[in-house]
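Q: Take a look at the following structure, please.
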Amino acid sequence: AQSVTQLGSHVSVSEGALVLLRCNYSSSVPPYLFWYVQYPNQGLQLLLKYTSAATLVKGINGFEAEFKKSETSFHLTKPSAHMSDAAEYFCAVSDQGGKLIFGQGTELSVKP
Amino acid sequence: DVKVTQSSRYLVKRTGEKVFLECVQDMDHENMFWYRQDPGLGLRLIYFSYDVKMKEKGDIPEGYSVSREKKERFSLILESASTNQTSMYLCASSFHGGGGEKLFFGSGTQLSVL
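Residue numbers (our numbering), protein chains in the order written: chain A, 1 to 112; chain B, 1 to 114.
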């Protein structure tokens, strides 16, 4: 069975600092991996996805994630945090059928 | 733009009531999903459907049922609402491909069962 674990339910960074949100997955087949973001009172929107084309994936709003098979990880990073990045972030894994299994979520706070 | 529309943003129901949550998508997607979102638990899959009149159980189907009579509409039914079903419910849709398809989400329905 596939599963996702996000390390840290809350992460706080200062504006301009590096953002690192951790995600580890478990999958018996080559996975499809996703990061979604949820701004307050909104639905989820896709930040980026990995579908085996390249291990470093660039997404919207300056975010990127690196697929590391040996570590079963797909951590999300952004070099410089902005106040508008404050939101909840979800890592997810998908099978060939297309259903997504989500992690517990990480709430990112950005301090001025 | 793809639109996934959930009929209500906020809903308050009483214990034992039958509750219908409606979801409509306008992009001719084959796949539709219902998740519930709870703090600290992330999103958990309740039911999904890959085609009209077809449904599959997700990870937490107990206490729920679904209906998909038309391709664009996927309804979640709480046969007899209970307080532990108080939650945010999110509907999503996607194309049916070989995997890796993007899910499009609605804005969610916050259901309170009193």
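Glycine residues also receive a C-beta, built at the ideal position from the N, C-alpha and C atoms.
Can you pull the chain A neighbours of L41 (chain B), defined as C-beta to C-beta under 9 Å?
A: What L41 (chain B) touches in chain A, judged by beta-carbon distance under 9 Å, is Q104 and G105, going in chain order.
Q: Which residues share a DSSP beta bridge with E88 (chain A)?
A: A:Q38 and A:E107
Q: What residues in its chain sit with their C-beta under 6 Å from that of S3 (chain A), if we drop five residues either side in the sequence?
A: S26
Q: Do the segment 68-81 of chain B and the segment 24-33 of chain B meet, that is, are 3 or more Cβ pairs less than 8 Å apart?
A: yes
Q: Output, in chain order, the set of chain B residues within a Cβ distance shorter than 7 Å of Y32 (chain A).
A: G99 and G100
Q: Could you tell me whether the Cβ of G16 (chain A) comes closer than 8 Å to any Cβ of chain B?
A: no
Q: Three or more C-beta pairs under 8 Å: does that hold for the segment 16-23 of chain B against the segment 103-112 of chain A?
A: no
Q: Any beta-carbon of chain B closer than 8 Å to the one on F74 (chain A)?
A: no
Q: How is the beta strand (DSSP E) around T77 (chain A) delimited, first residue to last?
A: S73 to K78
Q: Can you tell me whether DSSP reads Q85 (chain B) as helix, strand or coil?
A: Three-state result, Q85 (chain B): helix.
Q: Could you check what DSSP says for I60 (chain A) in three-state terms: helix, strand or coil?
A: I60 (chain A) falls in the helix class under three-state DSSP.
Q: Counting only Cβ-Cβ distances shorter than 9 Å, please list the residues of the segment 42-76 of chain A near chain B, keeping chain order.
A: Q42, G43, L44, Q45, L46, K49, Y50, T51 and S52
Q: Got a sec: is the Cβ-Cβ distance from L100 (chain A) to anything in chain B below 8 Å?
A: With 8 Å as the cut-off, L100 (chain A) counts as an interface residue toward chain B.
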